[in-house]
Amino acid sequence: MRQLSLLTILDREGVRVTAAELRELADAGAGYLIDASRVERIGLAGLQLLLSVLRASAPGDPEVRIVTPSQPLLDAARLAGVTELLGLSLEVRHGV
Amino acid sequence: MAFEDIQAIFLQECEEGLASAEAALLSIKAGEHDQETINTIFRAVHSIKGGAGAFGFAALQSFTHHFETLLDKARDGELVLDATLTELLISAFDVLADHVAAIRGDGATPDDAAMITALRDALTARPGAAAPAAPADTGLSFDLGAMMAELNQPSADDATTDEEWEVVLAPTAGDLVNGGEPLLMMRELIDMGGRIVEIETDSVPPIDAFDPEAAYLTWTLRLPGTIDEATLREPFDFIADAASVRIARAAPLPDVPDFEPAAEVVEAATPVCDNIVPITAARRAPSPAPKPAAPPASASEAKAKAASGATIRVDLDKLDRLVDLVGELVITQSMLSQRLLSSSATRVEELADLDQLTRELQDSAMAIRAQPVRSVFGRVPRIVRELEASTGKRVNLEVEGEATELDKTVIERIGEPLTHLVRNCVDHGIEAPADRIACGKPAEGRLRLSAEHRGSRIVISVSDDGRGIDRERVLAVAVKRGIVAPDAKLSDEKIDQLIFAPGFSTAQQVSNISVRGVGMDVVRQNVQALGGRITIHSTPGVGSTFALALPLTLAIVDGMIVSVADQTYIIPLTHVVESLRPERGAVQSTGFGNRVLNVRGAYLPVLGIGEQLGIADAIGEPSEAVLIVVETEGLGTAILMVDQIIDQRQVVIKSLETHYQQVEGVAGATILGDGRVALILDVEGMVALRSGGFQRLSAS
Chain A
97 MRQLSLLTIL DREGVRVTAA ELRELADAGA GYLIDASRVE RIGLAGLQLL
147 LSVLRASAPG DPEVRIVTPS QPLLDAARLA GVTELLGLSL EVRHGV
Chain B
919 MAFEDIQAIF LQECEEGLAS AEAALLSIKA GEHDQETINT IFRAVHSIKG
969 GAGAFGFAAL QSFTHHFETL LDKARDGELV LDATLTELLI SAFDVLADHV
1019 AAIRGDGATP DDAAMITALR DALTARPGAA APAAPADTGL SFDLGAMMAE
1069 LNQPSADDAT TDEEWEVVLA PTAGDLVNGG EPLLMMRELI DMGGRIVEIE
1119 TDSVPPIDAF DPEAAYLTWT LRLPGTIDEA TLREPFDFIA DAASVRIARA
1169 APLPDVPDFE PAAEVVEAAT PVCDNIVPIT AARRAPSPAP KPAAPPASAS
1219 EAKAKAASGA TIRVDLDKLD RLVDLVGELV ITQSMLSQRL LSSSATRVEE
1269 LADLDQLTRE LQDSAMAIRA QPVRSVFGRV PRIVRELEAS TGKRVNLEVE
1319 GEATELDKTV IERIGEPLTH LVRNCVDHGI EAPADRIACG KPAEGRLRLS
1369 AEHRGSRIVI SVSDDGRGID RERVLAVAVK RGIVAPDAKL SDEKIDQLIF
1419 APGFSTAQQV SNISVRGVGM DVVRQNVQAL GGRITIHSTP GVGSTFALAL
1469 PLTLAIVDGM IVSVADQTYI IPLTHVVESL RPERGAVQST GFGNRVLNVR
1519 GAYLPVLGIG EQLGIADAIG EPSEAVLIVV ETEGLGTAIL MVDQIIDQRQ
1569 VVIKSLETHY QQVEGVAGAT ILGDGRVALI LDVEGMVALR SGGFQRLSAS
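These protein sequence lines map, in sequence, to chains A and B.
Start counting the first sequence at 97; every next residue gets the next number (this note's numbering).
Start counting the second sequence at 919; every next residue gets the next number (this note's numbering).
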């Protein structure tokens, strides 16, 4: 499965760059993993990007999953209340 | 709001968090703590960690993560707060303070590897406790899910306050420009005791329609009704679009008995927006790992937050402008009053009211600049800990009057002198444990730090129960260094004052602990520069007390109004010792126009203000003038000769440099009630102008 590593800083510029790459992956039609281990700073724009990419259009679509989320990502997701929506609950509960 | 401004606020909040955490740690050390005490420390560290993450301070975030993990176990009761653990927490706190200082640009980032290891060891040393993992690599060891559930639990306020606040935050694209970050607002709301009850995500588009510039999420939060609305609106002060936020009172949420347990929600959640599980349900679920200790938004914290809601941050320039204008008002009121009185309009009742109101306004304006001395006292516990470690001495620090308020500028400038006095007391005053036991004292020395109001001054005292000042040794050193004549006969008080003499403190007299680049003469100089005075009371074998008497404000000075010919001057009262009129012939000439007067055995130089400032009609005969004995920092005691004393009152200081230029011998100016400008004399500078021709003489 293909894997995309998120940038260290997901500010608006980082989100713009990443969104373009994620669109390419989506267009390819295959599932992929999003490696979030390097994320050091992420704001609302970054969280929205991840929510957007995880939005399933229909059952049976290719699997997209965030793996190895960094602490800053987990903190930001918790603050925004989107931990579960990003599929990070298990990561939080059992440790990464 | 610029990123730097937000970061400055974060650093300020760090300082506040560190202060409360340190106070709590000291309570634990003193054996006076409860569950809320450890919760206080946890919250402070947790908040700093959150901010560190938001601002990208990775080292700080990593350290706070380890620190927080240990605190979490301690507040859960999994770790016993014994003396060893308490010491570890205090040491970790010091490292945390260093991290924050490094971010502020005050020192390098500390090497925290050993401390992190110690924190991990403290966890693993306890059965059933897991070591924390580094946040950036292997993740978390504590249960954030549980913490999230805690955040979503009803706070204690729910039971007592029916009408909570409901805040709907719906950021717009405009709120994301110029570094705007809605998550920072969320953090502030959560810190106030807020909890998310609903998240609206329907607007989030699929990736092919995603716009990085847009804001899609909408949160609905509930906050304790005890918070005042102004406080609630503070996080949104800089939001671009006012329509992004809606704040209203809300009725309590209805109980839903058949909720879906949070644990199941977490396990079963599918990471797609369409299947979003309303947080409303999760918040009523029992926490998967209940923590009876107060959650981050406990009732007491919410109460504290509500209390802090009475505060706002104001730019210091605006504040200074206000104080300046009030000063002008005081002067104008005084002029008006004098004019009316001179017009025989003595029965204007409104004049008395205006006078009263002006004084109250002035007091209020000054009070705005006042800050508790806690911020300065807060540094002392760590200094004492470091001194204990480096000297092997044991010190019990007692602090009193931390809430006493003082002008902000005085607070900022008093830190260094106070630090030096504390070092001096521990280094020179308090004996080593063995020596103390040998002379019948407890092994642990006592250092007392206090602040209190005394009239228009604040007195900060540093006391120890050590050996006291060795006056024989002090006098010997002073003679050796030429500070006093070998045959000088000085009172105990005068000998004590010698330690403030320039050149007394040298590397041979003080250790590297006390030196730190500043001698006691500099301590005194700094205090006097603030318009303050420092006194010593020392008893051999019993201890010493250093008392700093400081003005409440730097905008007003207590002054003695004097006249020289047709000119009026102000002499700051802090310098004035006494005034006298000598007998004819008592003032003797020593040649070259210099004169001295024998005042109780000491010959003091007599300086005519008229001569100094070139006023032709000044009284020249001392027996017809008034002599004012003044104390200076580096030039000892001297006498200023004026024509007469007119009054004694508080005057508003106006900077001469701002409006004209610096003038030697003049500290500033003020405007009197009759509209005339009076110069405020710089006594130190005035004496220095003529000091070259004088030498201090011993009457003996």
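Ideal Cβ positions, reconstructed from N, Cα and C, are used throughout, including at glycine.
CA-CA distance, residue i and residue j?
| i | j | result |
| --- | --- | --- |
| GLU1068/B | GLY1111/B | With a pLDDT of 42 at GLU1068/B, under the threshold of 50, the predicted position of this residue should be treated as unreliable, and no value is reported. |
| ALA972/B | GLY139/A | 8 Å |
| ASP1030/B | SER1462/B | 37 Å |
| LEU997/B | THR1035/B | 17 Å |
| PRO1196/B | TRP1137/B | The predicted model places PRO1196/B with a pLDDT of 34, which falls under 50 and marks its position as unreliable, so this point remains unresolved. |
| LEU1525/B | ILE1564/B | 19 Å |
| GLY1435/B | LEU103/A | Here the model assigns GLY1435/B a pLDDT of 36, short of 50, so the residue's position is not dependable, and the following value carries that caveat. Roughly 46 Å between the two C-alpha positions. |
| SER1409/B | GLY1511/B | 31 Å |
| SER1261/B | ASP1561/B | 28 Å |
| ILE1488/B | THR1090/B | 59 Å |
| LEU184/A | ILE162/A | 8 Å |
| PRO1299/B | ILE1125/B | 54 Å |
| VAL1313/B | GLU1005/B | 14 Å |
| TYR128/A | VAL149/A | 11 Å |
| ASP107/A | ALA141/A | 7 Å |
Please state the DSSP three-state secondary structure of residue i.
| i | result |
| --- | --- |
| ALA1211/B | Residue placement at ALA1211/B is poorly supported in this model, since its pLDDT is 34, which falls under 50; the coordinates are not used for a value here. |
| ILE966/B | helix |
| ASP1382/B | strand |
| VAL1377/B | strand |
| ASP994/B | helix |
| SER1252/B | helix |
| MET97/A | coil |
| GLN1443/B | helix |
| LEU1062/B | Because the pLDDT of LEU1062/B is 36, which lies under 50, any placement of that residue in the model is unreliable, and the number read from its coordinates should be weighed accordingly. Helix, per DSSP. |
| ASP1325/B | strand |
| ALA1520/B | strand |
| ARG1399/B | coil |
| ILE924/B | helix |
| VAL1184/B | Confidence in VAL1184/B is poor, its pLDDT being 31 and thus under 50, which makes the residue's placement unreliable; the coordinate value appears in the next sentence. If DSSP states are grouped into helix, strand and coil, VAL1184/B belongs with the helices. |
For a contact meaning CB atoms closer than 7 Å, what does residue i contact in chain A?
| i | result |
| --- | --- |
| MET1104/B | LEU175, ALA176 |
| PHE1128/B | ALA115, LEU145, SER148 |
| ILE1114/B | GLY177 |
| VAL1122/B | GLN144, LEU147, SER148, ARG151 |
| ALA976/B | GLU136 |
Below 9 Å on C-beta distance, what does residue i contact in chain A?
| i | result |
| --- | --- |
| ILE1117/B | ALA176, GLY177, VAL178, LEU181 |
| PRO1153/B | Those within 9 Å of PRO1153/B in chain A number zero; the least Cβ separation is about 13 Å. |
| ALA1133/B | LEU140, ALA141, GLN144 |
| TRP1137/B | ALA176, GLY177 |
| ILE1108/B | LEU175 |
| LEU1101/B | ILE138, GLY139, LEU140, LEU143, ALA172, LEU175, ALA176 |
Mind listing the chain B neighbours of residue i? Cutoff is C-beta to C-beta under 7 Å, in chain order.
| i | result |
| --- | --- |
| ALA141/A | LEU1094, PRO1130 |
| LEU118/A | ILE1125 |
Mind listing the chain A neighbours of residue i? Cutoff is C-beta to C-beta under 8 Å, in chain order.
| i | result |
| --- | --- |
| HIS983/B | GLN167 |
| PRO1654/B | Outside the shown range of chain B (919 to 1618) lies residue 1654/B, about which nothing can therefore be said. |
I believe residue i touches residue j by the beta-carbon criterion, under 8 Å. Please report the beta-carbon distance rounded to the nearest angstrom.
| i | j | result |
| --- | --- | --- |
| ILE130/A | LEU100/A | 5 Å |
| ILE1454/B | ASP1414/B | 4 Å |
| MET1253/B | ALA176/A | No, MET1253/B and ALA176/A are not in contact; Cβ-Cβ is about 60 Å, not under 8 Å. |
| ILE1376/B | LEU1324/B | 5 Å |
| VAL1482/B | ILE1527/B | 5 Å |
| VAL1291/B | ALA1369/B | 5 Å |
| VAL1397/B | ILE1417/B | Contact doesn't hold; Cβ gap of about 14 Å is too wide. |
| ILE1008/B | LEU936/B | Contact flag wrong, Cβ pair sits at about 12 Å. |
| ALA939/B | ALA976/B | With a Cβ gap of about 21 Å, ALA939/B and ALA976/B do not count as contacting. |
Run down chain B in chain order and give the residues with a C-beta less than 8 Å from the C-beta of residue i.
| i | result |
| --- | --- |
| GLU159/A | Going along chain B, no residue has its Cβ under 8 Å from GLU159/A, so there is no contact; the nearest lies around 10 Å. |
| ALA124/A | Neighbours of ALA124/A on chain B: none; closest Cβ ~12 Å, over 8 Å. |
| ARG112/A | PRO1130 |
Please list the partners that residue i has in chain B, where partner means a Cβ-to-Cβ separation under 9 Å.
| i | result |
| --- | --- |
| ARG98/A | What ARG98/A touches in chain B: nothing, since even the nearest Cβ is about 15 Å away. |
Mind checking whether the beta-carbon of residue i lies closer than 7 Å to any heavy atom of the ligand GDP?
| i | result |
| --- | --- |
| LEU1150/B | Because no ligand of any kind appears in the structure shown, any question about the ligand GDP cannot be addressed here. |
* Identify every run of the beta strand (DSSP E) within the region 1474-1514 of chain B, keeping only runs that are complete inside it and at least 3 residues long; order them along the chain. => Runs found: 1474-1482, 1485-1490, 1494-1498, 1506-1509.
* Any beta strand (DSSP E) of 3 or more consecutive residues that is wholly inside the region 1097-1126 of chain B -> 1113-1118
* Tell me the start and end of each unbroken beta strand (DSSP E) in the region 109-188 of chain A that is at least 3 residues and wholly inside, in chain order. => 128-131, 160-163
* Run through the region 1546-1601 of chain B for me and flag every whole beta strand (DSSP E) of 3 or more residues, listed as ranges in chain order. => 1555-1560, 1562-1570, 1584-1589, 1595-1599
* Taking only runs that begin and end inside the region 974-1035 of chain B, name each unbroken alpha helix (DSSP H) of 4 or more residues, in chain order. => 976-994, 1001-1021
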